[in-house]
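Sequential numbering of the sequence shown, starting at 1, is according to my numbering. Each residue gets a CB set at the ideal place from its N, CA and C atoms; glycine is no exception.
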Amino acid sequence: MKLGVICDGISRDLKHAVDVMDEFGLTYAELQFVGDTEVGDHSAEEIGDIDRLLRDRGKPVSCLSRHIFAGMTIANTPGDALHTKHMDALKRVIDMAHILGSPLVRIMTPKKEQILWGSHGAEKWNVATGAWEAHLPLIAPVVDVARKAGITLVVETGNGTMVNSNYTARKLIDDLGAKDVLKVLWDPANNCWCHERAFPDGYDEVKNGYLGHVHIKDVQVDTPRATLEVREMGKGQLADQFQPLADAMRADGYDGVVSFESVYHPGNGNFEDGFRACINRFKSHFG
Numbered sequence: 001m002k003l004g005v006i007c008d009g010i011s012r013d014l015k016h017a018v019d020v021m022d023e024f025g026l027t028y029a030e031l032q033f034v035g036d037t038e039v040g041d042h043s044a045e046e047i048g049d050i051d052r053l054l055r056d057r058g059k060p061v062s063c064l065s066r067h068i069f070a071g072m073t074i075a076n077t078p079g080d081a082l083h084t085k086h087m088d089a090l091k092r093v094i095d096m097a098h099i100l101g102s103p104l105v106r107i108m109t110p111k112k113e114q115i116l117w118g119s120h121g122a123e124k125w126n127v128a129t130g131a132w133e134a135h136l137p138l139i140a141p142v143v144d145v146a147r148k149a150g151i152t153l154v155v156e157t158g159n160g161t162m163v164n165s166n167y168t169a170r171k172l173i174d175d176l177g178a179k180d181v182l183k184v185l186w187d188p189a190n191n192c193w194c195h196e197r198a199f200p201d202g203y204d205e206v207k208n209g210y211l212g213h214v215h216i217k218d219v220q221v222d223t224p225r226a227t228l229e230v231r232e233m234g235k236g237q238l239a240d241q242f243q244p245l246a247d248a249m250r251a252d253g254y255d256g257v258v259s260f261e262s263v264y265h266p267g268n269g270n271f272e273d274g275f276r277a278c279i280n281r282f283k284s285h286f287g
């Protein structure tokens with residue numbers, strides 16, 4: 001499969017991140033922060049420098065991953081100040097994607113309401129009635145923007161967002177009628193928080209044309225204690241699922257990129273050390 005990394009998980013110094021990518025034979029660069037700047041906020045000169053560096057080093061961009069819609073809530077409305085700010089940022093990221101040749105741009109979804117649907121009494125006492133329907137108009141405008149721009153968006157499954165599982169990601173795409181321009185950015189570790197098992201359950205939700213991009217890391221969640229621990233790859237709760245997942249993706253001809261997300265450190269705060277502790281296991285499963 002096509003392997004890459006979210007570069008700022010190694011270093012926000014892009015040249016150094018590319019040096020480390022070369023050391024471990026990783027090809028595809030996913031950009032989130034370069035320097036102290038999030039994608040979409042770089043100057044034309046900075047974008048030119050990024051483009052030259054990556055093209056000179058043979059590192060195609062897999063995805064531009066700004067936190068579009070992160071931090072919004074269902075209390076926001078289409079066209080309000082915060083929504084407009086995110087939509088403007090999305091358009092800047094799309095412009096940057098065209099220059100860098102990135103096929104994908106990430107979006108996220110507003111903060112999670114925990115119980116969206118229910119029955120036999122839950123619909124009266126427990127469901128956040130109308131929450132799902134209220135967030136659809138916030139996301140819907142990106143579909144037209146993507147179609148006009150000729151780019152594919154990927155919606156990430158997040159820990160605390162309205163889309164926090166492959167089930168809800170697929171439902172969002174279906175409800176918006178947007179399968180042509182909106183795919184799932186699947187982060188199986190994030191989905192652990194809502195107890196969606198990665199394989200086969202999560203994979204079965206997205207394998208038929210919904211999956212656009214993948215982030216890989218390992219975690220241990222303790223939902224009752226509201227605690228999340230990032231683990232060295234193979235030492236968390238996904239350890240037994242990586243290989244069957246990778247095998248299924250190969251068998252089904254997944255042709256997108258699998259990005260390693262380097263958010264683990266071994267206790268010293270150094271994420272490059274965490275990357276080095278995990279990357280060979282990542283490659284053994286997905287390479």
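Can you give me the start and stop residues for the beta strand (DSSP E) that residue 260 sits inside?
Its beta strand (DSSP E) spans residues 257 to 260.
Please give me, in chain order, every unbroken run of the alpha helix (DSSP H) with length at least 4 that falls completely inside the stretch 81 to 107.
You should have 81 to 100.
Residue 135 - DSSP class collapsed to helix/strand/coil:
Annotated three-state conformation of residue 135 is helix, per DSSP.
Minimum length 3: unbroken beta strand (DSSP E) runs contained in the stretch 219 to 243:
Under the rule that a run must span 3 or more residues, the beta strand (DSSP E) segments found entirely inside the stretch 219 to 243 read 227 to 231.
Contact the stretch 134 to 152 vs the stretch 180 to 189: 3+ CB pairs below 8 Å:
Three or more pairs of CB atoms, one per stretch, sit closer than 8 Å, so the stretch 134 to 152 contacts the stretch 180 to 189.
Secondary structure at residue 6, three-state DSSP: helix, strand or coil?
Note: residue 6 maps to strand in three-state DSSP.
Could you tell me which residues DSSP puts in a beta bridge with residue 151?
DSSP lists no partner for residue 151.
Alpha carbon to alpha carbon, how far is residue 12 from residue 24?
If you take the alpha carbons of residue 12 and residue 24, they lie about 18 Å apart.
DSSP-derived helix/strand/coil call for residue 11
Three-state result, residue 11: coil.
Just the C-alpha distance for residue 78 and residue 111, rounded to the nearest angstrom, thanks.
Per the coordinates, the alpha-carbon of residue 78 lies some 15 Å from the alpha-carbon of residue 111.
If we ignore side chains and look at the alpha-carbon of each, how far apart do residue 132 and residue 74 end up?
Taking the straight line from one Cα to the other gives about 8 Å.
What are the boundary residues of the beta strand (DSSP E) that residue 212 is part of?
If you look at residue 212, you'll find it in the beta strand (DSSP E) that goes 211 to 216.
Of all the options 38, 60 and 10, which has the alpha carbon lying nearest to the alpha carbon of residue 256?
Comparing Cα-Cα distances from residue 256 to each of 38, 60 and 10, the minimum goes to 60.
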